[in-house]
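Enquirer:
2 protein chains.
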Amino acid sequence: MKRNDMDPLSLPGGAERGSDGAALPEQGGQRVLTPERWLVRKLLDTVGSPPIALTLWDGQPLEPEPADPVARVRVRDRRAFYRLLRHPDLHFGDDYAAGRIQVEGDLVAFLTTVDRYRQARNGYGGGRPGLTARLHRARHNTLEGSQHNVHHHYDLGNDFYALWLDEEMVYTCAYFPHWEASLEEAQRAKMDHVARKLQLSPGDTVVEAGCGWGSLARHFAREYGCHVRAFNLSSEQIAYARERAEQEGLSDRIEYVQDDYRNVTGTYDAFVSVGMLEHVGTDHYRDLGEVIDRTLTDNGRALVHSIGRNRPMGPMNPWIERRIFPGAYPPALSEMTEIFEPMAFSIQDVENLRLHYDRTLQHWLERFGRSEEAVRDRFGDSFLRAWRLYLSGSIAAFRAGTLQLFQLVFTRPTDNDLPLTRDYLYGGGGG
Amino acid sequence: MKRNDMDPLSLPGGAERGSDGAALPEQGGQRVLTPERWLVRKLLDTVGSPPIALTLWDGQPLEPEPADPVARVRVRDRRAFYRLLRHPDLHFGDDYAAGRIQVEGDLVAFLTTVDRYRQARNGYGGGRPGLTARLHRARHNTLEGSQHNVHHHYDLGNDFYALWLDEEMVYTCAYFPHWEASLEEAQRAKMDHVARKLQLSPGDTVVEAGCGWGSLARHFAREYGCHVRAFNLSSEQIAYARERAEQEGLSDRIEYVQDDYRNVTGTYDAFVSVGMLEHVGTDHYRDLGEVIDRTLTDNGRALVHSIGRNRPMGPMNPWIERRIFPGAYPPALSEMTEIFEPMAFSIQDVENLRLHYDRTLQHWLERFGRSEEAVRDRFGDSFLRAWRLYLSGSIAAFRAGTLQLFQLVFTRPTDNDLPLTRDYLYGGGGG
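Chains A and B are the protein sequences, given in the same order. Note that my numbering has the first sequence beginning at 43, numbered continuously upward. Note that my numbering has the second sequence beginning at 43, numbered continuously upward.
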């Protein structure tokens, strides 16, 4: 799909001059639009007029309907429509969660189509990277702000996440050696992929910034004989991680620390951060680089794994940023360079795992779907719908190419003891 | 090696108050320095006081000498020393080429040591990235300027390069499957590595920007059955490339075009540029991105292979930039993002092959060394010494970690038909 290959629907001349709120009958073979229906068309124009069927609050479809619509959207409430007009990215989510907007059909396919059409219409670079992005970056991720933001999302309760994550509670992109791998298999493969990129050996010391429920630390301690210090701000996650390490008899090799990555001390053979950078904020990337610089040994390896984008833009989606993940921002590579360039680290390897996040989210959404009753019982219908939308919208974004997943490996510039080729990542000889 | 772990030599108090030009005898066990010898020490300080022995124009060594010097430098001429003081990076090269500065011992080891000590002293980020870099970037790489710059370096005569390059005349970093691979083997492996990254299939169309003597185009046409249009500004190289394609019966599948990359037309399954970006100039990276955007098919793959650095800085080395490679500039990744981010290309893969360029240059230097007589006969002693310094200094830079070699692969953001893993690059299954 090339940009600008789809023109907005051209409206029949004079149609905007209709005046009442109901659908008018056809006049001379041309369908005349009411002002509100004209506004709905305009709204669809702004996202490239994707092939979706719309039923408005009066119960009538917006005509003409597309021949092969990907889904039918019901806007049940006139006010919901006017909110959509004002700020579609924010209010689509809110009104979907509240049930005032409904999608009949495949929600993921619908969201993917909208993402693709919108990009084709507006350019893949997205709208205005400038001010919005900059204002956004300044927000929240002070030491106290980060604590608050993390609490909002990660302290919803371990039980909630246990409903739909894998058994190790890994809440980051998996690595699918093949498309049909199970989620459990793919999460283990991810941890092994990361371990190989970090060239871990028994006895190596590792520091982890943002450890979630502690799965990577346990994997490194159990499978690679490493000593891991793992940082996380979420009290619920840390408690869970400590308990599991205790149960597995790994407590002597793992220290889970409930603290900010900026307070990391000591030196380590490896630095790893999987899925934390999204919450760091670009203004603090240099801080992160300085933390890595002061903690990494001379021959140490660092790996940062993060959702990213093709170019700097505003918040990933204002609804997700406000309702699901406060303070989150997926950076472009140019922004990520602020982590390693001021310290003159050498980038060794960057891998884009976007398709793997699509697949990971498919598994999560499927499991989430099987737990809908439990989620509804505990959090209510609106929460259920919000999370279904969040998971589906994330699949759509990775599938449409608006989100990426970057894994970056870097070292000190003077380290010449590096493998010659990447054969060691793929079981080959050489190097 | 960590930055700032070596202090500049502390001078004995009062030593700077010596006054004549000759070495003074020891006084009370302390060696007193003349003003010039004090200045020599200061100059060494600025590069972190590496363990090198120095003999000055009066034939006397600078004392105290280091216990285990990596080499002995003879500055045969007082004026050469004062030029060094003013602009060491430029004049070391000129006076080395002229024979007024001589290095006894291993030139590569000497240059590598100086690079490392200098970085340890001044920080791996290097000095002032700001103004110098910006002024530099503005230079020369207009359509006409590029033509001139390319002529300076690449039109020295094919015979000259044939003396020390491999039989395919590949003048870019090779890919060593193992350290002891021959140069011929490693250059073929590089072309195969690039072909695999581009996922070439028979019948694919490829456009190459900056094709040198045309080896990659011949390899793609011969080994992968591709149709290649290859651009280069150098008339000598294009003539050579056409002749070889003719000899090999590949003319029907390769078109060598003597023109600037900005004039590329048509659409292609793959875009490749190996070793041209160094000559493009950061101000023109966006132009390059636009060329790729308008020439790549929807599922096309793009690969850019370039010398780079850990962070934005000034010219790689002013002597190399002025005397060897006018207009050359090795970018940091943050600068390279100007190629793909404005077009919203998705970065799929970045690989750093710095150690491979060290090895490639070792082969070139060894072959160059075996051809010294031929080079001296044709170009004179000063040219011979300049090129020996250039090749040795390049090894030093890759070995000391001041230069990197980045291979970047990128695609359109909407392309989901990508291999799931990188197994296909390493002969594995999966994907």
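Built from N, CA and C at the ideal position, the CB exists for glycine as well. The structure presented is a predicted model; accordingly, all values stated were derived computationally and were not measured.
Please state whether the Cβ-Cβ distance between A:Gln390 and B:Asn394 is less than 7 Å.
Expert: yes
Enquirer: Would B:Gly435 count as contacting chain A if we go by Cβ distances under 7 Å?
Expert: no
Enquirer: Between B:Leu467 and B:Arg230, how many whole angstroms is the CB-CB distance? I'm expecting something under 8 Å.
Expert: Wrong, their Cβ atoms sit about 16 Å apart, outside the cutoff.
Enquirer: Can you pull the chain A residues whose beta carbon is under 7 Å from the beta carbon of B:Leu397, in chain order?
Expert: Asn458, Leu460 and Leu462
Enquirer: Between which two residues does the alpha helix (DSSP H) holding A:Phe134 run?
Expert: Pro130 to Ala139
Enquirer: So which of B:Ser224, B:Tyr124 and B:Ala259 has the shortest CA-CA distance to B:Leu81?
Expert: B:Tyr124
Enquirer: Does A:Gln446 get closer than 7 Å to chain B when you measure Cβ to Cβ?
Expert: Residue contact with chain B for A:Gln446: present (Cβ-Cβ distance below 7 Å to some residue of chain B).
Enquirer: I want to verify the contact list: residues of chain B whose CB lies under 7 Å from the CB of A:Asn352, in sequence order.
Expert: Glu383, Ala386, Phe387, Ser388 and Pro455
Enquirer: Whose Cβ in chain B lies nearer than 8 Å to the Cβ of A:Asn394?
Expert: Ser388, Ile389, Gln390 and Asp391
Enquirer: How would you list, in chain order, the residues of chain B whose beta-carbon sits under 8 Å from the beta-carbon of A:Gly443?
Expert: Near A:Gly443 (Cβ distances below 8 Å), the residues of chain B are Ser388, Arg454, Pro455, Thr456, Asp457 and Asn458.
Enquirer: Give me the Cα-Cα distance between B:Asn352 and B:Glu226, rounded to the nearest whole angstrom.
Expert: Their Cα atoms are separated by approximately 29 Å.
Enquirer: Give me the Cα-Cα distance between B:Pro384 and A:Leu445, rounded to the nearest whole angstrom.
Expert: 16 Å
Enquirer: I want to verify the contact list: residues of chain B whose CB lies under 7 Å from the CB of A:Phe218, in sequence order.
Expert: Taking a Cβ-Cβ threshold of 7 Å, the residues of chain B close to A:Phe218 are Leu462, in chain order.
Enquirer: Kindly indicate if chain B contains any beta-carbon less than 7 Å away from that of A:Ala374.
Expert: yes
Enquirer: For the alpha helix (DSSP H) containing B:Asn164, name the first residue and the last one.
Expert: Leu149 to Asn164
Enquirer: Going by C-alpha distance, which of A:Leu96, A:Tyr303 and A:Asp400 is nearest A:Ser434?
Expert: A:Asp400
Enquirer: Take A:Asp301 as the anchor and find which of A:Gln279, A:Tyr310 and A:Arg464 has the nearest alpha-carbon.
Expert: A:Gln279
Enquirer: Could you give the distance in angstroms between the alpha-carbon of A:Ser243 and the alpha-carbon of A:Ala263?
Expert: 10 Å
Enquirer: Taking the straight line between their C-alpha atoms, what separation do you get for B:Ala140 and B:Ala122?
Expert: 10 Å
Enquirer: Since B:Gln144 and B:Arg120 are thought to touch, with beta carbons under 8 Å apart, how far apart are those beta carbons, to the nearest angstrom?
Expert: Incorrect: roughly 15 Å between the Cβ atoms, too far for contact.
Enquirer: My assumption, with CB atoms under 8 Å, is that B:Arg271 sits in contact with B:Glu290. Please give the rounded CB distance.
Expert: Contact flag wrong, Cβ pair sits at about 17 Å.
Enquirer: Does any C-beta atom of chain A lie closer than 7 Å to the C-beta of B:Thr337?
Expert: Residue contact with chain A for B:Thr337: absent (no Cβ-Cβ distance below 7 Å to any residue of chain A).
Enquirer: Would DSSP call B:Gly101 helix, strand or coil?
Expert: coil
Enquirer: So A:Asp148 contacts chain B; which residues on that side make the cut at Cβ distance below 9 Å?
Expert: By Cβ distance, chain B contributes nothing, its closest Cβ being about 17 Å from A:Asp148, past 9 Å.
Enquirer: Below 8 Å CB to CB, which residues in the same chain sit around B:Ala151 once its five sequence neighbours on both sides are set aside?
Expert: Excluding its 5 nearest sequence neighbours in each direction, B:Ala151 has C-beta neighbours in its own chain below 8 Å: Val112 and Ala113, listed in chain order.
Enquirer: Below 8 Å between beta carbons is the criterion; list the residues of the stretch 276-308 of chain A that meet it against any residue of chain B, in chain order.
Expert: none
Enquirer: Given this structure, state the Cα-to-Cα distance separating B:Met355 from A:Ala428, to the nearest angstrom.
Expert: 47 Å
Enquirer: Provide the residue(s) that pair with B:His269 in DSSP beta bridges, ordered along the chain.
Expert: Here B:His269 is bridged, per DSSP, to B:Thr247.
Enquirer: According to DSSP, is B:Ala370 helix, strand or coil?
Expert: DSSP, read as helix, strand or coil, puts B:Ala370 in coil.
Enquirer: I think A:Arg260 touches A:Leu292, with their Cβ atoms under 8 Å apart; what is that distance to the nearest whole Å?
Expert: 6 Å
Enquirer: In terms of residues, what are the limits of the beta strand (DSSP E) holding B:Asn341?
Expert: Leu338 to Gly350
Enquirer: Is there at least one Cβ from chain B nearer than 7 Å to A:Tyr466's Cβ?
Expert: Output row for A:Tyr466: interface = no.
Enquirer: So that I know if they touch, is there some Cβ in chain B lying closer than 7 Å to that of A:Thr379?
Expert: yes
Enquirer: Report, in whole angstroms, the separation of the C-beta atoms of B:Cys215 and B:Leu447, which I expect to be a contact under 8 Å.
Expert: 5 Å
Enquirer: Does the distance from the C-beta atom of B:Glu363 to that of B:Ala374 stay below 7 Å?
Expert: no
Enquirer: Does DSSP classify A:Gln300 as helix, strand or coil?
Expert: strand
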